[in-house]
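Student: Structure below; questions to follow.
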Amino acid sequence: MKNLKMYSISLLALFALAAIDTNANEFGVSETKLSEIESRVNAMGYDGLVATRTSLIAERNNLMALQDNTQSPSQIKAYNGRINEVMVELSAIQKALIAIVGAAAVSNLTDDGYDRSIPPVITIIGANPVTVELGSTYSDAGATSVSSRGTSVSVSTSSNVDTSTVGSYTVTYSATDLNGNTTSATRAVNVEDTTAPVITVTGDNPASAELGVAYSDAGATATDASGSVDVVSSGTVDTDTLGTYTITYTSTDASGNVGTASRTVTVSDTTVPVFTSSATFVVDEGTTAIGTVTATDLQAVTFTISGNDNMAITSGGVLTFITPADYESQSERPQDLPYDGSSYDVTATVTATDASDNAATQVITVSINDVGGLDDDPDTGTGTATASTGFNTGENTGENTGANTGENTGANTGENTGANTGENTGANTGENTGANTGEN
């Protein structure tokens, strides 16, 4: 068997295969041993077959070297016996490998059991396909590669991924081993836009609007990774009605993502009522009615009064005196007042309040005119006792003592001149002397 060394490993394997196929006992291996070998080989996968093949080739080469270095017939016979078993098992392995990869591939196997024509295998790291958000940064996870001999092979990468544009892209990995075998693999990268536009409300939010004043909305803007997007607003603000209103802003990008935002607008009344009536009123004494106070406002106005205990006002603004107006009430000595058509001013503060509690005040002045003078004015003799003409004969004795003080002084002048002649001569003599002294 020493002459087997002149053949290549592949030829030896093919020879062994041919031998086992034509005459399984050519190597003198027992049927039992053949059955054992076939059972073992049939239980192996590709990797196991290649690994066992490599190990058997190494063992065979070692046995043949030992055979060359011995002259002992018994040793040579023992070596030959084991070599024969190895050759039979190599034959069975070769047959199994051909069934898996074909004869051409097996013929490319190197002495250590690897096929030099098999290209490297590339393994992509991470997900494939992978999804990336529009506008984000894509970092490829890469790939690894090993040759058919199990050694690492360098991987080159090319990519056209553009994360600024929605679409599908490809990352290509390539690897070439030392035998010039090249392989490639690809990863699909899908750039998608799943992010809604971001809306920024311009101006105050919440915002305020004054009742009765037109509202102009400041609007909103939107940004999106896909580029320029429009903003559509909806909702109204009724500034004629107090309340809270909502303006909604919507923006939709090219991928159908919808962004929304809203502004709250509160319509309120912060404007005080405005008085439209005069602040001055004129009345004659003896009356209670004064007049009506008016004010304008976008809401209903009610009135109150303060600063004068003798004045009252209805919620609708009607002013009155609680007790009739009295010119003489301004002084504790009415006789000292002027009675020349003068008037007496009194004041009060009127407050107008709307439904939102906005309040305005107005100081009003009421002029009270004197009417007819004072009945008991001692200086002018003007009064209401004129009608006593002819009726006071003798009756004033004692009865009117002091009673006519200020009221009847001079009232009988001329009217009773004749009436008192003779009738009151005695009556007034002494009786009224003291009565008129100081008392009248």
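Quick note on this note's numbering: the sequence shown kicks off at 51 and runs consecutively. Glycine included, each C-beta is placed from N, C-alpha and C at the ideal position.
Less than 8 Å between the beta carbons of S406 and D319, yes or no?
Tutor: Yes.
Student: Can you check DSSP and say which residues form a bridge with D334?
Tutor: N419, per the DSSP bridge assignment.
Student: Per the DSSP calculation, N369 is bridged to which residue(s)?
Tutor: Note that residue 369 corresponds to Leu in the displayed sequence, not to Asn. Beta-bridge pairing links L369 to G341 and I363.
Student: Are the CB atoms of A268 and G253 within a distance shorter than 8 Å?
Tutor: Yes; because the gap between Cβ atoms is below 8 Å, this pair is in contact.
Student: Mind listing, in chain order, the continuous beta strand (DSSP E) runs of no fewer than 3 residues lying wholly within the segment 226-311?
Tutor: Taking only runs of at least 3 residues, the beta strand (DSSP E) segments lying wholly in the segment 226-311 are 232-242, 248-251, 257-260, 270-273, 282-284 and 293-302.
Student: Tell me the DSSP secondary structure of E481 in three-state form.
Tutor: With a pLDDT of only 37 at E481, under 50, the local geometry of the prediction cannot be trusted, and the value read off the model is given with reservation. Three-state result, E481: coil.
Student: If we call anything under 8 Å between Cβ atoms a contact, is G281 one with A270?
Tutor: It is Val, not Gly, that sits at residue 281 in the sequence shown. Yes; because the gap between Cβ atoms is below 8 Å, this pair is in contact.
Student: Assuming the contact rule is C-beta atoms closer than 8 Å, I168 and T194 should be a hit. Round their C-beta distance to whole Å, please.
Tutor: Not confirmed; about 17 Å, so no contact.
Student: Just to confirm the assignment, what range does the alpha helix (DSSP H) spanning T102 have?
Tutor: Unbroken alpha helix (DSSP H) run through T102: Y96 to D118.
Student: Can you look up R199 in the DSSP assignment and give me helix, strand or coil?
Tutor: Looking at R199 - three-state DSSP - the assignment turns out to be coil, as it is neither helix nor strand.
Student: Does the beta-carbon of S301 have 16 or more other beta-carbons within 10 angstroms, so that it is buried, or is it exposed?
Tutor: It is buried - the Cβ of S301 has at least 16 other Cβ atoms within 10 Å.
Student: Assess, as a yes-or-no matter, whether the segment 295-314 is touched by the segment 245-259 under the definition of 3 or more beta carbon pairs within less than 8 Å.
Tutor: The answer is yes - the segment 295-314 touches the segment 245-259, with three or more Cβ pairs under 8 Å.
Student: If we ignore side chains and look at the alpha-carbon of each, how far apart do S392 and T401 end up?
Tutor: So the alpha carbons of these two residues sit roughly 29 Å apart.
Student: In whole angstroms, what separates the C-alpha of T316 from that of S266?
Tutor: Each residue's Cα considered, the two are about 13 Å apart.
Student: Beta carbon of A275: closer than 7 Å to some heavy atom of the ligand GDP?
Tutor: For the structure depicted, the ligand GDP is absent and the ligand set is empty, with no information on it obtainable.
Student: List the whole-angstrom C-beta distance separating Y299 from S283, where the pair is believed to meet the contact cut-off of C-beta under 8 Å.
Tutor: Contact flag correct, Cβ pair sits at about 5 Å.
Student: Provide the residue span of the alpha helix (DSSP H) that contains V322, from first to last.
Tutor: From DSSP, V322 is part of no alpha helix (DSSP H); its letter is neither H nor E.
Student: According to the neighbour-count rule (16 or more other Cβ atoms, all chains shown, within 10 Å of its Cβ), is N466 buried or exposed?
Tutor: Here N466 scores only 40 on pLDDT, less than 50, and its place in the model is too uncertain to base an answer on.
Student: Let me know if E135 comes out buried or exposed under the rule of 16 or more other beta-carbons within 10 Å of its beta-carbon.
Tutor: Counting Cβ neighbours within 10 Å, E135 comes out buried, since at least 16 surround it.
Student: On the CB-based measure, 16 or more other CB atoms within 10 Å of its CB, does T102 come out buried or exposed?
Tutor: That one is buried.
Student: By the DSSP assignment, the beta strand (DSSP E) with S356 in it spans what residues?
Tutor: S356 -> beta strand (DSSP E) spans V351 to S356.
Student: Where do the ends of the beta strand (DSSP E) carrying V91 lie?
Tutor: Element bounds for V91: not the beta strand (DSSP E) but the alpha helix (DSSP H), E81 to N92.
Student: Spatial neighbours of G341 within its chain, please: CB distance less than 7 Å, with the 5 preceding and 5 following residues excluded, ordered by chain position.
Tutor: For G341, where only same-chain residues beyond five positions count, the Cβ hits under 7 Å are F331 and L369.
Student: So which of P170, S189 and T201 has the shortest CA-CA distance to G230?
Tutor: That would be P170, whose Cα lies nearest to the Cα of G230.
Student: Taking all protein chains shown into account, decide if N112 is buried (16 or more other Cβ within 10 angstroms of its Cβ) or exposed.
Tutor: N112 comes out exposed.
Student: Taking the beta carbon of Q121 as the centre, do at least 16 other beta carbons fall within 10 Å, making it buried, or is it exposed?
Tutor: Answer is exposed; the Cβ neighbour count stays below 16.
Student: Run the CB neighbour count on L348, radius 10 Å, all protein chains shown included, and call it buried at 16 or more, exposed below.
Tutor: L348 should be labelled buried.
Student: Beta-carbon separation of Y377 and E335 under 8 Å?
Tutor: Contact: yes.
Student: Between A362 and T346, what straight-line distance do the alpha-carbon atoms span, to the nearest angstrom?
Tutor: In a straight line, the C-alpha of A362 is about 21 Å away from that of T346.
Student: Could you have a look at Y141 and say whether DSSP puts it in helix, strand or coil?
Tutor: The sequence given here has Ser at residue 141, not Tyr. Residue state, collapsed to three classes: helix.
Student: Here's a check: name, in chain order, each residue in its chain whose Cβ is nearer than 7 Å to the Cβ of A238, leaving out the five neighbours to either side.
Tutor: N178, P179, S218 and T220.
Student: If contacts are defined as beta-carbon pairs under 8 Å, then D227 and T207 qualify, I think. What distance do you get, rounded to the angstrom?
Tutor: 17 Å between Cβ atoms; not a contact.
Student: According to DSSP, is A191 helix, strand or coil?
Tutor: If DSSP states are grouped into helix, strand and coil, A191 belongs with coil.
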